Amino acid sequence: METYTVLYFHPEGASGVREQLESCFELTCVDSQAQCLERATEATFKAIVADWSGVEAPDFACCEALLAAEPLVGVPLILVSPSTELQHKVKAYEIGCDDFIEPSATGEEICARINKSVYNRIAAEQLSNRLKDASDTAYAVMSDNSDLGCNIQFLLDVHRCDNLDELGLLFFTAVQRYGISCSLQMRSIFETKNMEATGLARDLEAQLLYQMRDAGRYIDFGRRTVFNYGQASILIRNMPVDNERKYGSIKDNTFALIQGIDARVKALDAKQSLIDEKQSLMKLSADVHKVMQEIDQAYQAVMRDIVSQVEDTAEAIMDRIPVLALSEEQERFFEQAAHDVVANTNRVFNEGIKVDEYLQQLSASVKQALEHSRQTTSGPEDTRVPPHLRASGSSDVEMF
Numbered sequence: 004m005e006t007y008t009v010l011y012f013h014p015e016g017a018s019g020v021r022e023q024l025e026s027c028f029e030l031t032c033v034d035s036q037a038q039c040l041e042r043a044t045e046a047t048f049k050a051i052v053a054d055w056s057g058v059e060a061p062d063f064a065c066c067e068a069l070l071a072a073e074p075l076v077g078v079p080l081i082l083v084s085p086s087t088e089l090q091h092k093v094k095a096y097e098i099g100c101d102d103f104i105e106p107s108a109t110g111e112e113i114c115a116r117i118n119k120s121v122y123n124r125i126a127a128e129q130l131s132n133r134l135k136d137a138s139d140t141a142y143a144v145m146s147d148n149s150d151l152g153c154n155i156q157f158l159l160d161v162h163r164c165d166n167l168d169e170l171g172l173l174f175f176t177a178v179q180r181y182g183i184s185c186s187l188q189m190r191s192i193f194e195t196k197n198m199e200a201t202g203l204a205r206d207l208e209a210q211l212l213y214q215m216r217d218a219g220r221y222i223d224f225g226r227r228t229v230f231n232y233g234q235a236s237i238l239i240r241n242m243p244v245d246n247e248r249k250y251g252s253i254k255d256n257t258f259a260l261i262q263g264i265d266a267r268v269k270a271l272d273a274k275q276s277l278i279d280e281k282q283s284l285m286k287l288s289a290d291v292h293k294v295m296q297e298i299d300q301a302y303q304a305v306m307r308d309i310v311s312q313v314e315d316t317a318e319a320i321m322d323r324i325p326v327l328a329l330s331e332e333q334e335r336f337f338e339q340a341a342h343d344v345v346a347n348t349n350r351v352f353n354e355g356i357k358v359d360e361y362l363q364q365l366s367a368s369v370k371q372a373l374e375h376s377r378q379t380t381s382g383p384e385d386t387r388v389p390p391h392l393r394a395s396g397s398s399d400v401e402m403f
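For what it's worth, the numbering used here labels the leading residue of the sequence shown as 4, then goes sequentially.
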């Protein structure tokens, strides 16, 4: 894997984070803002790591100055700070930082997140060039009717998505016409899915969306806007604040899309819950069927043993009567008693055969229900989004 050149800025001196980074990157270490700018004019860096682990909060003014410096424009800035305050994370995101990492994180995690910021910036630069051209063209021909048609097509296609990945892909396909750059968070009861158009997720944006999920329907800060509705949130990075009509159109249309996302997430949760409940019931039915079979077998064995014991006892009594020196009346009494106990035992167990028949009928019904459940589960209907809907927006509904 390619080793990137990273500018490491730590005003407080040496740090354990530096040792962890040296094994993953080619570090250029500085301890002042002036040295940062000087080194930036001498070499090209893929990222800047500002290590503020020695203080309670980062110096945001210094970070903002670095981001605004001409040699460092476009270079991702990653903060390392022990602060867990939401206001610090919001401030870091507002001035343009890519990530906010705690120094307690493992070296492997820190290196992975820095690499991820570099990959995101490369992908974003490539996407930005395409988005600019697409934005200029799309807004030149866009009208309210075409927006409505796009939204209707999205809502028609939403119900065909069988998982969050397909739902996110459909959303980013739908918003291409608006030329916006955004992140999407879908909070299912089974998982939380974070996505953006490149297919990757930004950790800092994911944290902000999750912590702001209950902060209101719209949250505006600078050129960014967060939309919250139910189990879905969207963060748009490039709202056209200088174009009131375009700004309002994006808000209205995006909100309609997020409502459709929330409805589908709830439907997918309900579907998965039903599948889990069905599997639990199938397992319970299988266990009941097995227990009933074991009870039936044990019941038959007990009946046979009891009948055998009664017959053996009666036979033993009959064999001993001649040698007991009993009177004729006493012999007849014992013989009749032995005969009666055998006859009564057989009569009782013949009546018990009805119970065995009921158990067999119930066991057969449970077995039939299990087979029917397996048949209905083995062949689900394929309702995935067709490939042509993913590839382009050519299938949009035409209103007029």
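All C-beta atoms, glycine included, are put in the ideal place defined by N, C-alpha and C. Computed from a predicted structure; not experimentally measured.
{"query": "Where do the N-terminal and C-terminal ends of the beta strand (DSSP E) with residue 7 fall, by residue?", "result": "Neither: residue 7 is in no beta strand (DSSP E) and is coded neither H nor E."}
{"query": "Report the residue from 130, 181, 119, 159 whose alpha carbon sits nearest the alpha carbon of residue 149.", "result": "181"}
{"query": "Rounded to whole angstroms, what is the Cα-Cα separation between residue 403 and residue 190?", "result": "Reliability fails at residue 403, whose pLDDT of 29 lies under 50, so the model's placement of it is uncertain and no value is given."}
{"query": "Measuring CB atoms only, is the stretch 325-338 touching the stretch 255-266, in the sense that at least three cross pairs come out at less than 8 angstroms?", "result": "no"}
{"query": "According to DSSP, residue 232 sits in a beta bridge with which residue or residues?", "result": "235"}
{"query": "Would you tell me roughly how many angstroms separate the C-alpha atoms of residue 37 and residue 216, rounded to the nearest one?", "result": "39 angstroms"}
{"query": "Take residue 271 and list the residues in its own chain whose beta-carbon comes closer than 6 angstroms to its own, dropping the five residues that flank it on each side.", "result": "none"}
{"query": "Can you look up residue 53 in the DSSP assignment and give me helix, strand or coil?", "result": "strand"}
{"query": "Can you give the beta carbon distance from residue 233 to residue 265, rounded, assuming they're within the 8 angstroms contact cut?", "result": "4 angstroms"}
{"query": "Applying the 10 Å Cβ sphere with the 16-neighbour rule, what's the burial state of residue 325?", "result": "exposed"}
{"query": "Tell me which same chain residues have a C-beta within less than 7 angstroms of the C-beta of residue 250, skipping the five on either side of it?", "result": "242, 243, 244"}
{"query": "Which parts of the stretch 206-266 are runs of the alpha helix (DSSP H), unbroken and 4 residues or longer, counting only runs that do not cross its ends?", "result": "206-214"}
{"query": "Considering only their Cβ atoms, is the gap separating residue 352 from residue 306 smaller than 7 angstroms?", "result": "yes"}
{"query": "Within the chosen definition, does the stretch 29-36 reach the stretch 90-103 through at least 3 CB pairs nearer than 8 angstroms?", "result": "no"}
{"query": "When DSSP labels each residue in this structure, what does residue 100 get in the three-state scheme?", "result": "coil"}
{"query": "Under the assumption that residue 83 contacts residue 107 (Cβ atoms under 8 angstroms), give the Cβ distance between them as a whole number of angstroms.", "result": "Rounded, the Cβ-Cβ distance is 10 angstroms, inconsistent with contact."}
{"query": "Is residue 316 helix, strand or coil by DSSP?", "result": "helix"}
{"query": "On the three-state DSSP scale, how would you describe residue 58?", "result": "coil"}
{"query": "Just to confirm before moving on: does the CB-CB distance between residue 121 and residue 7 stay below 7 angstroms?", "result": "yes"}
{"query": "Alpha carbon to alpha carbon, how far is residue 309 from residue 364?", "result": "25 angstroms"}
{"query": "Please state whether DSSP places residue 183 in a helix, a strand or coil.", "result": "coil"}
{"query": "Residue 33 lies in the beta strand (DSSP E); which residues open and close that run?", "result": "29-33"}
{"query": "Please confirm whether residue 281 has its beta-carbon closer than 7 angstroms to some beta-carbon of chain D.", "result": "Checking the listed chains, one finds no chain D in this structure; it contains a single protein chain."}
{"query": "Using the C-alpha atoms, what's the distance from residue 290 back to residue 134?", "result": "57 angstroms"}
{"query": "Measure the C-alpha to C-alpha separation of residue 138 and residue 125 and round it to an integer number of angstroms.", "result": "20 angstroms"}
{"query": "Take the Cβ of residue 342 as the centre, count every other Cβ of all protein chains shown within 10 Å, and call the residue buried at 16 or more, exposed below.", "result": "exposed"}
{"query": "Please classify residue 104 as buried or exposed, where buried requires at least 16 other C-beta atoms within 10 Å of its C-beta.", "result": "buried"}
{"query": "Which of the three DSSP states, helix, strand or coil, is assigned to residue 12?", "result": "strand"}
{"query": "Apply the 10 Å Cβ neighbour rule to residue 212 and answer buried if 16 or more other Cβ atoms are within range, or exposed otherwise.", "result": "buried"}
{"query": "Name the one or two DSSP bridge partners that residue 285 has.", "result": "Per DSSP, none; premise fails for residue 285."}
{"query": "Under a Cβ-count criterion, where at least 16 other Cβ atoms within 10 Å of its own Cβ denotes burial, should residue 354 be classed as buried or exposed?", "result": "exposed"}
{"query": "Buried or exposed for residue 117, please, with buried defined as at least 16 other CB atoms from any protein chain shown within 10 angstroms of its CB.", "result": "buried"}
{"query": "Residue 195 lies in the beta strand (DSSP E); which residues open and close that run?", "result": "195-199"}
{"query": "Near residue 1, what residues of its chain come up, given a Cβ to Cβ distance below 7 angstroms and the 5 sequence neighbours on each side ignored?", "result": "This structure cannot speak to residue 1, because the chain is shown only from 4 to 403."}
{"query": "Within the continuous beta strand (DSSP E) that includes residue 80, where are the two ends?", "result": "80-83"}
{"query": "Contact defined as beta carbons within less than 8 angstroms: I believe residue 372 pairs with residue 288. What is the distance between those atoms, to the nearest angstrom?", "result": "6 angstroms"}
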